[in-house]
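First up is the structure itself, then whatever we jot down about it.
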Amino acid sequence: MNVDTRLAAGTANVALLVIPALGVAAWFSLPAQLDPAVVSPSWRAGIDAWTNYLRFAVFAVLMASAFAAGYLRGTGWLTMAARALSGDERTARRTRAVLWCAFAVVAIAYAVNASISSVTHALTDDFHEGEYLGFIPHLRAGGSLDGALTTHGPGVDLLPAYASVALAGPDNGIVTARIAFAALRAAAVAAAIAALALLCRLLAPGDSRARWIVTTALATLALGAALRFGEWPDDPPMHKTLNPRDVVYLVQIALVLAFARAMGRAPAASSRGALFAFAAGVSLPWAPFYSYDRGLYGLAFVALVSIPIAATSWRKPWLSGVLGGAAAGLAALLAIVPRADLAAAVAQIRYFARYGRDLFSYAGIATPPEIWIPFLLAGAAAALAWAVASIAKSLRAHGSDVALREPAAVVMLAASLPILRTAVERGDSTHVAWAVTPAWLLASALLARFAATRFLWPRGDPGKAAEATAIGTVLLSVLVGLAMPLLDPVAAWKRVDREYLRGRHTADANVLSAAQREVRSAMGAAVAASPCFVTLTNEPTWYYVLGRPSCTRYHAVTNARARTAQDAFVAALEAKRPQWILFENRAWSNTVDGVSLFDGTPEIVAYVLSHYEPDAVVAGNWFWRRAAGPPVWSDDRVGEVRNYPRAASRVPDARIDGTLPADEAQRLPEALIVTVGTPPRPLWAGRPDAGAWRAGAWSVTLPTAALSPGTHKVQAWVRRETPGRFVRLGEAVDVRID
Numbered sequence: 004m005n006v007d008t009r010l011a012a013g014t015a016n017v018a019l020l021v022i023p024a025l026g027v028a029a030w031f032s033l034p035a036q037l038d039p040a041v042v043s044p045s046w047r048a049g050i051d052a053w054t055n056y057l058r059f060a061v062f063a064v065l066m067a068s069a070f071a072a073g074y075l076r077g078t079g080w081l082t083m084a085a086r087a088l089s090g091d092e093r094t095a096r097r098t099r100a101v102l103w104c105a106f107a108v109v110a111i112a113y114a115v116n117a118s119i120s121s122v123t124h125a126l127t128d129d130f131h132e133g134e135y136l137g138f139i140p141h142l143r144a145g146g147s148l149d150g151a152l153t154t155h156g157p158g159v160d161l162l163p164a165y166a167s168v169a170l171a172g173p174d175n176g177i178v179t180a181r182i183a184f185a186a187l188r189a190a191a192v193a194a195a196i197a198a199l200a201l202l203c204r205l206l207a208p209g210d211s212r213a214r215w216i217v218t219t220a221l222a223t224l225a226l227g228a229a230l231r232f233g234e235w236p237d238d239p240p241m242h243k244t245l246n247p248r249d250v251v252y253l254v255q256i257a258l259v260l261a262f263a264r265a266m267g268r269a270p271a272a273s274s275r276g277a278l279f280a281f282a283a284g285v286s287l288p289w290a291p292f293y294s295y296d297r298g299l300y301g302l303a304f305v306a307l308v309s310i311p312i313a314a315t316s317w318r319k320p321w322l323s324g325v326l327g328g329a330a331a332g333l334a335a336l337l338a339i340v341p342r343a344d345l346a347a348a349v350a351q352i353r354y355f356a357r358y359g360r361d362l363f364s365y366a367g368i369a370t371p372p373e374i375w376i377p378f379l380l381a382g383a384a385a386a387l388a389w390a391v392a393s394i395a396k397s398l399r400a401h402g403s404d405v406a407l408r409e410p411a412a413v414v415m416l417a418a419s420l421p422i423l424r425t426a427v428e429r430g431d432s433t434h435v436a437w438a439v440t441p442a443w444l445l446a447s448a449l450l451a452r453f454a455a456t457r458f459l460w461p462r463g464d465p466g467k468a469a470e471a472t473a474i475g476t477v478l479l480s481v482l483v484g485l486a487m488p489l490l491d492p493v494a495a496w497k498r499v500d501r502e503y504l505r506g507r508h509t510a511d512a513n514v515l516s517a518a519q520r521e522v523r524s525a526m527g528a529a530v531a532a533s534p535c536f537v538t539l540t541n542e543p544t545w546y547y548v549l550g551r552p553s554c555t556r557y558h559a560v561t562n563a564r565a566r567t568a569q570d571a572f573v574a575a576l577e578a579k580r581p582q583w584i585l586f587e588n589r590a591w592s593n594t595v596d597g598v599s600l601f602d603g604t605p606e607i608v609a610y611v612l613s614h615y616e617p618d619a620v621v622a623g624n625w626f627w628r629r630a631a632g633p634p635v636w637s638d639d640r641v642g643e644v645r646n647y648p649r650a651a652s653r654v655p656d657a658r659i660d661g662t663l664p665a666d667e668a669q670r671l672p673e674a675l676i677v678t679v680g681t682p683p684r685p686l687w688a689g690r691p692d693a694g695a696w697r698a699g700a701w702s703v704t705l706p707t708a709a710l711s712p713g714t715h716k717v718q719a720w721v722r723r724e725t726p727g728r729f730v731r732l733g734e735a736v737d738v739r740i741d
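Structure follows, in structure tokens:
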């Protein structure tokens, strides 16, 4: 064995153990000085300054020992363990049993750490968590899907709310809904790992069970490194890869792979294959009811994969199973789900099919990307290229039997294509990761297969490829070493205990922010006097915090940007006339994807500003009350306009600035308003900047996207507390919108 091979083996051990060694080194500490001569950061942290040297020395000894062990033996620990587990090494049965027990423990720890999510964190993301928390008051009031527009689908958005209504105690509704949402995310991780295991088996059907398990473990680590689904285990699940929205789609992929595996084993397995096909068929009618877009992708996936399967001897069990399952699933859907809810789901799918692109798409992958995005796209492209090449080669050699010869390539190509649309419309790293998940399932399985055959169990003369094998082992050790924090069973148990065993009892008061508690205390009774409530901040969590359902089916007003939706929103406000509206609080969600309330929903803004008046600001949240009459537009005028755009485009908003006389500047007004035309049509409202106002300056926003091309007469106004009327701020100005 040459020196290069020994060096690689030692380096592999170092890469494998660097993170655990840092953890072990942190156990060592020296007593901190009680009265140091100089106050240092380490002393303030309760650590003696020499402790760092001690820890580094311990770390260095551990690393040197690991390197020496690999160098002297000529084989890294990871390679030794993998070969022992697979039975390739002459390992004692008892030792192998111990290794398998240890493998099982760390595998379970990885699954727990990678799939777990925080449920006891502070409620800070009122937009995304509101996508399910906001429906709880609606369901408690006897509402159903018919009265609630779900952004992603009834399964993703309503199931956690249903769980909270059915299972929560009087004061822990938030954490109960979060647990249900986190469980959906954990199910997505489990489905992805199951699909990976089936892929690894299809790519190497002749491997022993032990080798298959080891290869699947490597594939899972590769997928985790690529999609980063195991990172941030102590964070909420909303933006993680292998998302709750993906559950049914990943299950469908796993079922089709299971069908291919069953059919490939033996002709006698056709009944088992038909059972998997039946299960896939059952999921088809339910999938869009769970998640609108993923459900439609599932329909496209099954349709695509059916084309090559129908050209093979698998035709009968597949088509009979899928069609029979689809009929059974549809019958169950019609029997279980009320017709009104089914009609509502269909209407919502049609709404998002018509307006979703305009509502949600923005500059995507053509913009300068985050560094993660090219990596994700490159891996996905390589995997899909392999699938296309394998299919083309099989078509030339075997004709229409391609599904029999290359089932992994056929299934994963069909699964990858529909969901790529997600990255086309929303090209941020999170959506790109969701879009390439099926492709990276294939890429991870291929990488694991390559590593297993070239590095762990090389074919042919291993001596000829010793250096390559050693270098590959280093790379595998780096991969496993990076995953070490997720392989910690103690950390897994602590997270389960903290978040679920004890965390499930967490009271709402412990997760609500100080501002939310203050608002509930100050406004709860007043809002409760109305049968419903509305927030225009795109934070549906306020419906839960204040205990009142939404007056409209659009819990997030940004989803009502279509003109028909704005008209429906206004009609609901006119019919139900809630006393209170949360108008604004300067949170990030007041402007979603660069589109503000004023630019996106001008009809709603015009109605609210014409029928409501500012009342109270509680912890930064600006509440408006229903007015006794229409606004009074005074002919009085104060101040002057100093700067305004004579021409503007509809893309960026414009500003109008002016000055005030000294006596007017001492009275801080309730609100500033911008109107257009005669009679005045409200376009915008905001709170004045107190410092600038008292210094004699004012500024308002002109939401140009709310205006049609042409010249408009724009007027700024100030609303005084007594009497409740609007006074002109300077003169009206003409603004041309190009």
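With the working numbering as the guide, the letters of the sequence shown map in order to residues 4 to 741. Beta carbons: idealized from backbone N, C-alpha and C, even for Gly. Just so you know, these numbers come straight off a predicted model, no measurement behind them.
Could you tell me whether the stretch 658-672 touches the stretch 690-698, where touching means 3 or more Cβ pairs closer than 8 Å?
Yes, they touch.
Taking the alpha carbon of residue 632 as the reference point, which residue from 477, 375, 420 and 611 has its own alpha carbon closest?
611
Within this structure, are the beta carbons of residue 514 and residue 177 separated by less than 8 Å?
yes
Does DSSP classify residue 231 as helix, strand or coil?
coil
Could you check what DSSP says for residue 647 in three-state terms: helix, strand or coil?
Coil at residue 647, not helix or strand.
Where does residue 554 land, buried or exposed, given buried means 16+ other C-beta within 10 angstroms?
The residue is buried, with at least 16 neighbouring Cβ atoms inside 10 Å.
Threshold first: 4 residues or longer. Then list the alpha helix (DSSP H) segments lying entirely within the stretch 570-617, N to C.
600-603 and 605-614
Given 7 Å as the limit, tell me if residue 316 has its C-beta closer than that to any heavy atom belonging to the ligand SAH.
What this structure holds is no ligand at all, so the ligand SAH is not there to describe.
Per the DSSP calculation, residue 714 is bridged to which residue(s)?
739
Kindly identify the DSSP beta-bridge partner or partners of residue 723.
Residue 723 has 728 as its beta-bridge partners, per DSSP.
Looking at residue 547: is its Cβ nearer than 8 Å to the Cβ of residue 256?
No; because the gap between Cβ atoms is not below 8 Å, this pair is not in contact.
With a threshold of 16 other CB atoms inside 10 Å of the CB of residue 55, please say whether the residue is buried or exposed.
Classification for residue 55: exposed.
Assign residue 134 to one of two classes, buried (16 or more other C-beta atoms within 10 Å of its C-beta) or exposed (fewer than that).
It counts as buried.
Tell me, to the nearest whole angstrom, how far the beta carbon of residue 300 is from that of residue 422; I am working on the premise that it is less than 8 Å.
5 Å
Would you call the CB atoms of residue 712 and residue 613 closer than 8 Å?
no
Can you list, in chain order, the residues of its chain with a C-beta nearer than 7 Å to that of residue 78? Leave out the 5 residues immediately preceding and following it.
12
At which residues does the alpha helix (DSSP H) containing residue 178 begin and terminate?
176-206
If you drop the 5 nearest sequence neighbours on each side, which residues of the same chain put their C-beta closer than 8 Å to that of residue 512?
174 and 520
Using only alpha-carbon positions, find the residue among 60, 389 and 453 that is nearest to residue 31.
60
Would you mind working out which of 583, 590, 525 and 648 sits nearest residue 541, comparing C-alpha positions?
The residue with the shortest Cα to Cα distance from residue 541 is 590.
Using the three-state DSSP reduction, which class does residue 639 fall into: helix, strand or coil?
strand
Using the rule of at least 16 other Cβ atoms within 10 Å of the residue's Cβ for burial, across every protein chain shown, is residue 141 buried or exposed?
buried
For residue 290, which residues of its own chain have a beta-carbon under 6 Å away from its beta-carbon, when the five flanking residues on both sides are left out?
251, 298 and 301
Flag this pair as yes or no: are the beta carbons of residue 188 and residue 122 separated by less than 8 Å?
no
Helix, strand or coil: how does DSSP classify residue 134 here?
Of the three classes helix, strand and coil, the one that applies to residue 134 here is helix, per DSSP.
How is residue 658 classed by DSSP in three states: helix, strand or coil?
Looking at residue 658 - three-state DSSP - the assignment turns out to be strand.
Tell me residue 621's beta-bridge partners as DSSP assigns them.
Residue pairing by DSSP places residue 621 opposite 624 in a beta bridge.
Start and end of the beta strand (DSSP E) containing residue 94?
It is not in any beta strand (DSSP E) - residue 94 carries neither H nor E in the DSSP assignment.
Beta strand (DSSP E) containing residue 685: first to last residue?
684-689
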